[in-house]
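Since the structure comes first, as structure tokens, the remarks are kept for the end.
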Amino acid sequence: MSDASTLPARPAGGSTAVGAPGAPAPARRGARRGASGGPRRRSSGGILGRNPFGLLLSAPYLVFVVLVLAYPLGYALYIAFHDFFFTAPGVAVERPFVGLDNFVAVLTDADVRRSFLNVGVFLLINVPLTVVLSLVLATALNRVVRFRGFLRVAFYLPYVAASVAVVGVWLFLFSSGGLVNRLLGPLAPDPSWLINETWAMPSIALFVTWKQLGFYILLYLAALQNVPKELYEAAATDGASRLRTFWTVTVPGVRPATLLVLLVSTVTGANLFTEPYLLTGGGGPNGASTSPVLLMYQRGIEQGYPDEAAAIGVVLVLAVLVLAGLQNRFAGGDR
Amino acid sequence: MDRTLGRGPTVLRGVVLALGALAFLFPFAYMVIGSLQRTPDPTLAGAFPDPANLTTANYTAIDSRIGLLTGLVNSGLFTGGVLLGTLVLGVLVGYALAVLEWRGRGTTFALALLVQVVPFQLLLIPLYVLIARDYGLADSHLGMILPFAINSTAVLIFRQYFLQVPKELFEAARIDGAGEIRLLLRVALPLVRPALVTAGLLTFIGPWNEFLWPFLITKDAALQPLAVSLANYISNVAATAANPFGAILAGAVVLAAPVVVLFVVFQRYFISTDLGSGVKG
């Protein structure tokens, strides 16, 4: 889920989030297929279609989706609107409907607002940096002939390695007496990066950008194959410079991929948990790097307020939907 | 085209790519070197192996604290369960979606796409309540596996590959009297073997690297995957160790190595077009 990751990572976050934004297009394709399947079904149709065996093969997956995704999704809303607390299994207790109480409690909480602000700072750094760096590196990689395989592996290695493992190196690199500070000398921030209120969140944003970049480079590489070669030839004939060709041919040519990268990196960023938990010792210093999901864990599971945690989850998802809508509006173009 | 534009851009491109590769690879080299240092050396010289400062003591140290083998076995069982579910049950759906015509196919395909947009944040609390509390699956491998049991991205990749198998092959086999199961196992599956590797790799990194979910539901150290036990070591124990960075990095090398090796060996199966099929449906 958050695997690519898992979530599917999703990007580590990866793998489930992958394709989120691609969804509309294939869904249309699916609908078209359904329509064309119509006449065929009529020609030879039992009530379950020509080949009911398909339903049998899909049954385990459908059960899985209902059990692990659809039902919990509804349950999340139920929890957020009720006075919900943990009980021993099998104990029947009353869980009265409380309307928006949980949401009010959460939104008036300074810690919660801080965590949303933090993730906002994170996205402001992470998303633009991701788009620019992955497009530049993918464009460079696309033209290269020698070392192509080596470079590709080098670029996606951070993406496929476990966050927990690479966090260890970053802790070492960015510690007070670490290599980064030694190289910076007097320029090193004091207190050091991960324990500095100003620098904690940007450091995390930088880490996640580095970690996920390989995945987005792969997406852009795929998109670059779809930019018509003739456009580059035409630009070369007109004597356009490399930079100008990049701006006028490549950037517009990969716009659908850019939208995808924007959306996926936003969704992945909103899921931020492992990095503040480990890199900054649980969202420190003084909550300067707490993310909403980290707070959901602390509130819901450590302190036993699952209802408030579920409300944070709902608010977070709504915020992401608004952001995704804006990105689609302004970066999606007129498709 | 390059020739007409001169060497300038080519050199620039080389520099950009080399800097990129350095930025991506250096932390991994540093991880290995740091894990072998007797005393941590954060100076620039410490970024290169120093024969006088080499030791495997960090590996023994981390092993005695968190049990590397136990962690690897648990990670393996977690990942293996997800792979099994995806490669068996996921292949079945992918095949049904691509080849067979049945009522509900369009809906199922739409569901597989929809699953990818469901945010995990929203599922976190209810899944914890259901799996850890109601079903009593806390501290069990089944509880770890359940939310990831069938990877929907892999399902879409399978579907994409099965779609490319010519329909005539199936017709011919049916005329020859092959049953549906035989058709799937003997005709379709051997043709999509690359898809099994691609989807397998993509599925592997999910549970192997997953931290949040197994962290939530396993409190028993004997059942924790390596990512969880190493994270617990980083956040709790490291402060008391003699060379905490060395021990953390040794654990990190053990956790990262299987994935890195897999992806280097099978790199030709992990290419953009395959990912694209998963992403674009």
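In order, the protein sequences belong to chains A and B.
End of the first sequence sits at 335 in the working numbering; the numbers just go up one at a time, nothing left out.
End of the second sequence sits at 616 in the working numbering; the numbers just go up one at a time, nothing left out.
Where is the CB? At the ideal position from N, CA and C, for every residue including glycine.
All of these numbers come straight from a predicted model, not from anything done at the bench.
Exposure of Trp247/A is indicated by the presence of fewer than 16 other C-beta atoms within 10 angstroms of its C-beta. Shown in chain order are the members of the region 259-291 of chain A whose Cβ falls below 8 Å from a Cβ of chain B: Leu260, Val267, Ala270, Asn271, Phe273, Thr274, Tyr277, Leu278, Gly281, Gly282.
Taken in chain order, the unbroken stretches of alpha helix (DSSP H) that lie wholly in the region 492-532 of chain B and span 4 residues or more are 502-510. In this structure Ala489/B touches Ala534/B by the C-beta definition: roughly 4 Å separates them, less than 8 Å. Bridge partners of Gly49/A according to DSSP: Gly46/A. Those residues of the region 318-334 of chain A placed with their C-beta closer than 8 Å to a C-beta in chain B are Val320, ordered along the chain. Taking 7 Å as the cut-off between beta carbons, the residues of the region 61-83 of chain A near chain B are Tyr61, Leu62, Phe64, Val65, Val68, Leu69, Pro72, Leu73, Tyr75, Ala76, Ile79, in sequence order.
For Gly49/A, the nearest CB of chain B lies under 7 Å from its own CB, placing it at the interface with that chain.
Considering only beta carbons, the part of the region 152-174 of chain A lying closer than 9 Å to chain B consists of Arg152, Val153, Ala154, Phe155, Tyr156, Leu157, Pro158, Tyr159, Val160, Ala161, Ala162, Ser163, Val164, Ala165, Val166, Val167, Gly168, Val169, Trp170, Leu171, Phe172, Leu173, in chain order. At least one beta carbon of chain A lies nearer than 7 Å to the beta carbon of Leu360/B. In this structure, the alpha-carbon of Gly478/B lies about 28 Å from that of Lys211/A. Three or more Cβ pairs drawn from the region 264-282 of chain A and the region 162-181 of chain A lie within less than 8 Å of each other, which places the two stretches in contact. Straight-line spacing of the CA atoms in Ala364/B and Ser370/B works out to 10 Å. The C-beta of Glu308/A has 16 or more other C-beta atoms within 10 Å across all chains shown, which makes the residue buried. Fewer than three pairs of CB atoms, one per stretch, sit closer than 8 Å, so the region 131-140 of chain A makes no contact with the region 519-531 of chain B.
Taking CB atoms only, Glu436/B has a neighbour in chain A less than 7 Å away.
In summary, Leu520/B is exposed, with fewer than 16 beta-carbon neighbours lying within 10 Å of its beta-carbon over all protein chains present. Here the alpha carbons of Ala205/A and Ala110/A stand approximately 22 Å from one another. Leu472/B sits in coil when the DSSP states are folded into three classes, being neither helix nor strand. Here Phe97/A carries a strand assignment [DSSP, helix/strand/coil]. Within the region 191-219 of chain A, Trp210, Leu213, Gly214, Phe215, Ile217, Leu218, Leu219 place their CB atoms closer than 9 Å to a CB of chain B, listed in sequence order.
Between Ile540/B and Val164/A, the gap from beta carbon to beta carbon reaches 7 Å or more. In chain order, Tyr463, Leu551 make up the part of chain B whose C-beta sits under 7 Å from the C-beta of Ile301/A. The beta-carbon of Ile569/B is placed less than 7 Å from the nearest beta-carbon of chain A.
According to DSSP, Gln372/B shares a beta bridge with Leu389/B. By the Cβ test, the region 430-448 of chain B is in contact with the region 497-508 of chain B, since at least three Cβ pairs between them sit closer than 8 Å.
If you ignore the 5 residues before and after Phe172/A, its C-beta comes within less than 8 Å of the C-beta of Gly178, Leu179, all in its own chain and listed in chain order. Ranking His82/A, Asp83/A, Thr209/A, Phe81/A by CA distance to the CA of Tyr156/A puts Thr209/A first. Residues of chain A whose Cβ lies closer than 7 Å to the Cβ of Thr405/B do not exist; the shortest such Cβ separation is about 16 Å. Taking 8 Å as the upper bound for CB-CB distance, Trp543/B and Pro482/B are not in contact here, some 15 Å apart. Cβ neighbours of Val121/A within its own chain (closer than 8 Å, five residues either side excluded): Met201, Pro202, Ala205.
Within the same chain, Cβ atoms closer than 6 Å to the Cβ of Leu137/A are found at Ile217, the five residues on either side in sequence being excluded. With respect to Phe455/B, Asn271/A sits close: the two C-beta atoms are nearer than 7 Å. Listed along the chain, the chain A residues whose CB falls inside 7 Å of the CB of Thr443/B are Ser58, Leu62.
Around the Cβ of Arg152/A, a 10 Å sphere holds 16 or more other Cβ atoms; the residue is buried.
Residue environment analysis places Leu403/B among the buried positions, since at least 16 neighbouring C-beta atoms fall within 10 angstroms of its C-beta.
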